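So the structure is just underneath, and the comments pick up after that.
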Amino acid sequence: MTAALTIHAAFAGHIAAALDALEAAGTLPDGLNRAAVAVEPPRDPSHGDLATNAAMVLAKPAGLNPRALAELLVAELTKVPGVASAEIAGPGFINLRVDAAAWIAELRAIAALGGDYGRSTMGQGSTVNVEYVSANPTGPMHMGHCRGAVVGDALATLLEFAGHKVIREYYVNDAGAQVDVLARSAHVRYREALGEAVGDIPEGLYPGEYLIPVGQALAAEFGDTYAKAPEADWLVPFRTRAVAAMLEMIKADLALLGIHHDLFSSEAELQAAGKPDEAEKWLRAHDLVYDGHLEAPKGKTPEDWEPVVLPLFRSTKFGDDQDRPIKKSTGEWTYFGADLAYHFQKAQSADALVDIWGADHAGTVKRIKAAVAAMTGAEGKPTPFEVKLVQMVQLMKGGQPFKMSKRAGNFVTLADVVEMVGKDVVRFTMLTRKPDAQMDFDFDKVVEASKDNPVFYVQYAHARIRSTLRKGAAEGFAPDDAALDRLGEEELGLIKLAAQFPRLVEAAAVAREPHRVAFFLHDLAAAFHAYWNVGNDRPEKRFIVAQDAALTSARLYLATQIGQLVRNGLALLGVEAVEEM
RNA sequence: GCGCCCGUAGCUCAGCAGGAUAGAGCACCAGAUUCCUAAUCUGGGGGCCAUGGGUUCGAAUCCCGUCGGGCGCACCA
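Count along the first sequence from 1, then add 669; that gives the number in the working numbering.
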C-alpha cells in the first residue's frame, strides 16, 4: 500500500482480490456482478473496523450458502497484511479488524497528501458542466436564489475534488419579455434622472431603487435624447445597458458568497447566432419537431382556450406528458425553444451536464431532459444530464412566514442576509440538509442563535486545534511522527473516522449531494470535541503533556492532520476555517 | 384531475446506491470549568420511521395503493 492509497480504497482492492482468487480456484463462477459489494465501517464499532457484505450479496448468484462463502473469503482476507482478524457475523457479514499500524499509516497519508487528502480520480478528468443560479437579470439576488447558488457552487467544487473538470456556468435570460420590462423600468428612472417628476413607478414595472443609478448612468450617457422618443428607439440600447448593470450587481452579490462562475452564456447572443434555428432544422429533419396543435392544459382548460398551430417538439417520445412548443405564434422563440439549443451547445463542450433549478421549475424538467436526450442521442450515446431540484426556502421572521414580493419591493436581498449573518453561516445553513427537502430560514433564529449554528461547532474544532498547536509551539513542542505508536484507542478512533473522508467524497460526488460533507464535518468535530474533553478529567490524555515530549509530538501530529481534514472539508463547502474564535 | 418532491423523537433534520440494537442538534432533566479555548463534554427521558399491502435471508431505504404537506401543470420565464 502506497502512502497515497487510502485505507478504504485499499480494502476494496483486497476484497476484490480475494474474490478473484476464489474465481480462479473455480469456487465462484466468473463474471459475477460485484456492484453491490460494499466495504464500510460497521454501525456498531464493537463489530470491528470494516465490514463487507460480499458473501451475502454473491451467495445467491454463486449458488452458495452465504456463511460458507464467507468462510472462504475469510481464509483469503486473513492473509492480507494489516488484517488482525476476520470474523463471520450475523447472516454472513465479514467483520475485519485492522492493525493499529494500518491506521497510523492512514494518518501519515493525510500528512503526505495535505489539501489533497480525499481528492479522487474517480471522475477521470471528464468534464461536467454545472449550471446554477441563472437568475433573471432584472434585479439583485434575493434569498429565493440563495440555496441553488450555494448548492450548485459546493457541488461544482466537490466534483472537481472527485476528479472532474468542471465548468461553472450561468445562463443569462436576457432575451425574454422580462428584460423588456427592465428596459422600460430603466427608462422611467432615466427620465427621473433628467429631472422629470415621474411619481410612482407604473404598475407592472420594477419599482426597485436599484434602478436609480442605472437611470442616472443612462442620463449621463444619452442626455435627453430618448426622453420623449418612442420606445422602439431606445428599447434595445436601454435593455443592453440595464441587463449589463444588473449582471454586475448579481456578480457582486454572488461574490459575497464566494461564488464565481466560469462562463456567463447569453440567451440573446445564442439567438443572434442562430443556434435555435439550427436546432429546429435538425429536429425537423429527424421528425422531432412538427407543426401541430397545442393541447389545453390538463385538468383546467381555460375558457378562452383556442387551439393554435405551433412548431412542437416531440417530447412525449422521451417521456414527457405532452409535446412542447419551441416558438410562439409571434414567431419568437419560447423559453424552451432557446433553452433546448442552449443545452445542446453546452453538451458540445462537456461529458455530462448538471442543472440546479428551483423546485418551482420542476414541471419543465421532463421536456428539457427529453430535448437533451433527443439532440445528443442521435448516435446512441446521449450526454448524461441531470436536473437537481432545490426545494423552496420558506423565509421566516419571528416564526411567521415572510412573503417576498418584487412588486412591493420588500424582498429580502442576499446581500442583506450575508451582511447580517455572514457568508459562512449562510453557506453552511444551506448545506446542512438535503436539497430535495423544503427548509425554513428564520432570520431571527439564524441571527440570534447563531452560536448554535453547526458551522461554529465545526470552526471551533479547527480553532481549538490551531490554538493547541500554537501553544505547543510556544512550549517548545512540534508535531512529529516519530512516536505515533504511542497513540491509543481514543486517538485511533479519530483516525478511523477521518479515514472515511475519501469514500465520503466519492459517494457525495456520485449522488451530487454536497450536504453529506457538511454532516461528516459535524461528526468529525463532535469526535474531536469529545476526545478533547477527556483531557479535562484526565490530564494525561491532553494533547500537550509537558513531561512527555514524544507523546506530545505524536498527539500534535494527530491534531495537525485532523485540522487539515477539517480544512479540506470546509474548502469543499466554501466555508472558512478560522484560526481562533 | 395530472406530474414531480417530501412525510423519521416535542421542534429542525441525518440515515452513506436494502444490512446487524434507527441517529444528531435544539428543547427538557442531572452532572463536568484551580484544565491545551465550556461556542465544549458526560449521562437520562423521548420513535408503530404517516398508513395499508407487496418484493426477500433482511425494508426507514425498492414497488403499488391511501392519507397529509409543498411545487408545478402557458405561446411566462
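Ideal Cβ positions, reconstructed from N, Cα and C, are used throughout, including at glycine. The structure presented is a predicted model; accordingly, all values stated were derived computationally and were not measured.
Legend entry - Beta-carbon separation (whole angstroms), V1094 vs S1119, contact threshold 8 Å: The count along the first sequence starts at 1 and reaches residue 1094 at position 425. The count along the first sequence starts at 1 and reaches residue 1119 at position 450. Rounded, the Cβ-Cβ distance is 6 Å, consistent with contact.
Legend entry - Length of the line joining the Cα atoms of D1121 and Y1129: As a position in the first sequence, residue 1121 is number 452, starting the count at 1. As a position in the first sequence, residue 1129 is number 460, starting the count at 1. One Cα belongs to D1121, the other to Y1129, and the distance between them is close to 12 Å.
Inset, instruction - Using beta-carbon positions only, say whether T1101 and A1168 come within less than 8 Å of one another. - result: If you number the first sequence from 1, residue 1101 lands on position 432. If you number the first sequence from 1, residue 1168 lands on position 499. Not a contact, by the Cβ cut-off of 8 Å.
Inset, instruction - Could you tell me if A672 is buried or exposed, where buried requires 16 or more neighbouring beta carbons within 10 angstroms of its beta carbon? - result: As a first step, residue 672 must be located in the first sequence, where it is residue number 3. The predicted position of A672 is uncertain, since its pLDDT is 41 and thus under 50; a value taken from the coordinates is nonetheless stated next. Taking all protein chains in view, the Cβ of A672 is surrounded by fewer than 16 other Cβ atoms within 10 Å, so the residue is classified as exposed.
Legend entry - Reference T721; option with closest CA among L981, F680 and E692: For the purposes of this step, residue 721 is identified with residue 52 of the first sequence, where counting begins at 1. Sorting L981, F680 and E692 by C-alpha distance to the C-alpha of T721 places F680 at the top.
Inset, instruction - In angstroms with no decimal places, state the Cα-to-Cα distance between K996 and R816. - result: The count along the first sequence starts at 1 and reaches residue 996 at position 327. The count along the first sequence starts at 1 and reaches residue 816 at position 147. Straight across, the Cα-Cα distance linking K996 with R816 is about 31 Å.
Legend entry - Where the beta strand (DSSP E) containing A962 begins and where it ends: One-based indexing of the first sequence puts residue 962 at position 293. First, the amino acid is wrong: residue 962 is His here, not Ala. Looking at the DSSP string, the run of the beta strand (DSSP E) that includes H962 is V958 to H962.
Inset, instruction - List the endpoints of the continuous beta strand (DSSP E) containing I1025. - result: The residue given as residue 1025 occupies position 356 in the first sequence. In the DSSP assignment, I1025 falls within the beta strand (DSSP E) that extends over A1021 to G1027.
Inset, instruction - Using beta-carbon positions only, say whether I763 and A724 come within less than 8 Å of one another. - result: As a position in the first sequence, residue 763 is number 94, starting the count at 1. As a position in the first sequence, residue 724 is number 55, starting the count at 1. Result yes, Cβ atoms of I763 and A724 sit closer than 8 Å.
Legend entry - Identity of the residue in T985, D990, H962 and V1179 nearest V977 by Cα: As a working mapping, residue 977 is identified with position 308 in the first sequence. If we check each option's Cα against that of V977, H962 comes out closest.
Legend entry - Cβ shell of G783 (< 7 Å), same chain only, five flanking positions each side left out: Here residue 783 refers to the residue found at position 114 when the first sequence is read from its first residue. Taken in chain order, the residues that qualify are Q1233.
Inset, instruction - Tell me the start and end of each unbroken beta strand (DSSP E) in the stretch 883-942 that is at least 3 residues and wholly inside, in chain order. - result: Secondary structure within the stretch 883-942: the beta strand (DSSP E) runs of 3 or more consecutive residues, fully enclosed, are 932-935 (chain order).
Inset, instruction - Give the DSSP-derived three-state secondary structure of S754 in the structure shown. - result: Taking the first sequence and counting its residues from 1, one reaches residue 754 at position 85. When secondary structure is reduced to three states using DSSP, S754 falls in the strand class.
Inset, instruction - Check P876 in the structure and name its three-state DSSP category. - result: The sequence position of residue 876 within the first sequence is 207, counting from 1. When DSSP states are grouped into helix, strand and coil, P876 belongs to the coil group.
Legend entry - For A720, the residue or residues it bridges with in DSSP: For the purposes of this step, residue 720 is taken as the residue at position 51 of the first sequence. Answer is E709 and N764.
Inset, instruction - Express the C-alpha separation of L688 and D718 in angstroms, rounding to a whole number. - result: Taking the first sequence and counting its residues from 1, one reaches residue 718 at position 49. Taking the first sequence and counting its residues from 1, one reaches residue 688 at position 19. Taking the CA atoms as reference points, D718 sits about 20 Å from L688.
Inset, instruction - Would you mind giving the Cβ-Cβ distance between R837 and H930, rounded to the nearest angstrom? I have them listed as a contact below 8 Å. - result: Your numbering for residue 837 matches position 168 in the first sequence. Your numbering for residue 930 matches position 261 in the first sequence. About 5 Å separates the two Cβ atoms, so the contact holds.
Legend entry - Bridge-paired residues (DSSP) for F1110: Locating residue 1110 in the first sequence gives position 441, where the first residue counts as 1. In DSSP, F1110 forms a bridge with L1064.
Legend entry - Reduced DSSP secondary structure (H/G/I, E/B, other) of M670: Locating residue 670 in the first sequence gives position 1, counting from the first residue. With a pLDDT of 37 at M670, under the threshold of 50, the modelled position of this residue cannot be trusted, and the question is left open.
Legend entry - Meets three-Cβ-pair contact criterion under 8 Å: the stretch 731-746 and the stretch 1179-1195: No contact exists between the stretch 731-746 and the stretch 1179-1195.
Inset, instruction - Quick one: residues in its chain with C-beta nearer than 7 Å to the C-beta of W1201, no 5 flanking neighbours on either side, listed in chain order? - result: To locate residue 1201, count along the first sequence from 1; it is residue 532. Result list for W1201: R1133, in chain order.
Legend entry - Residues near M670 in its chain [Cβ-Cβ closer than 6 Å; skip 5 each side]: On the first sequence, residue 670 is found 1 positions in, with the first residue counted as 1. Any answer about M670 is weak, because its pLDDT of 37 lies below 50 and its placement is not dependable; what the coordinates show is given next. Closer than 6 Å at Cβ, skipping near neighbours: A679.
Legend entry - Exposed unless 16 or more other CB atoms sit within 10 angstroms - verdict on E865: Indexing the first sequence from 1 puts residue 865 at position 196. When all chains shown are included, E865 counts as exposed.
Legend entry - Which of helix, strand or coil DSSP assigns to M1250: Position 581 of the first sequence, counting from 1, holds the residue named residue 1250. Coil at M1250, not helix or strand.
Inset, instruction - Ignore the nearest five residues each way along the sequence and tell me which others in L1153's own chain have a CB closer than 6 Å to its CB. - result: Here residue 1153 refers to the residue found at position 484 of the first sequence. The beta carbon of L1153 lies closer than 6 Å to those of I773 and A1223 in the same chain, with the five residues before and after it left out.
Legend entry - Residue nearest to L697 in terms of C-alpha spacing, selected from G794, H814, N734 and R712: On the first sequence, position 28 is the one that residue 697 refers to. The shortest Cα separation from L697 among G794, H814, N734 and R712 belongs to N734.
Inset, instruction - Out of A844, L1083 and M1108, point me to the one whose CA is closest to W1002's CA. - result: Along the first sequence, read from residue 1 onward, the residue named residue 1002 stands at position 333. Of A844, L1083 and M1108, the residue nearest in Cα terms is A844.
Inset, instruction - Indicate whether V1062 and M812 have their beta-carbon atoms separated by less than 8 Å. - result: Start at 1 with the first residue of the first sequence, and residue 1062 comes out as number 393. Start at 1 with the first residue of the first sequence, and residue 812 comes out as number 143. Here V1062 is near M812, since their CB atoms are less than 8 Å apart.
Inset, instruction - Grab me the residues of D803's own chain with a C-beta within less than 6 Å of its C-beta, minus the 5 sequence neighbours each way, in chain order. - result: What you label residue 803 is simply residue 134 of the first sequence in a count that begins at 1. Note on residue identity: the sequence assigns Ser, not Asp, to residue 803. Y839 and Y840, listed in sequence order.
Legend entry - Helix, strand or coil at V799 [DSSP, three-state]: Looking up residue 799 in the first sequence gives position 130. Strand.
Legend entry - Nearest candidate by alpha-carbon position, reference P1148, set P906, G682 and L1138: On the first sequence, position 479 is the one that residue 1148 refers to. Minimum Cα distance to P1148 is reached at L1138.
Legend entry - Option nearest F1212 by Cα separation, candidates L1225, V1203 and D1206: Counting from one through the first sequence, the residue named residue 1212 turns up at place 543. Of the listed residues, the one whose Cα sits closest to F1212 is L1225.
Legend entry - Nearest neighbour of V883, chosen from A898, P906 and E900 [CA to CA]: Here residue 883 is taken as the residue at index 214 of the first sequence, counted from 1. Relative to V883, the option among A898, P906 and E900 whose CA is nearest is P906.
Legend entry - alpha helix (DSSP H) segment containing V835, residue limits: Numbered from its first residue, the first sequence carries residue 835 at position 166. Not the alpha helix (DSSP H): V835 falls in the beta strand (DSSP E), residues K834 to V841.
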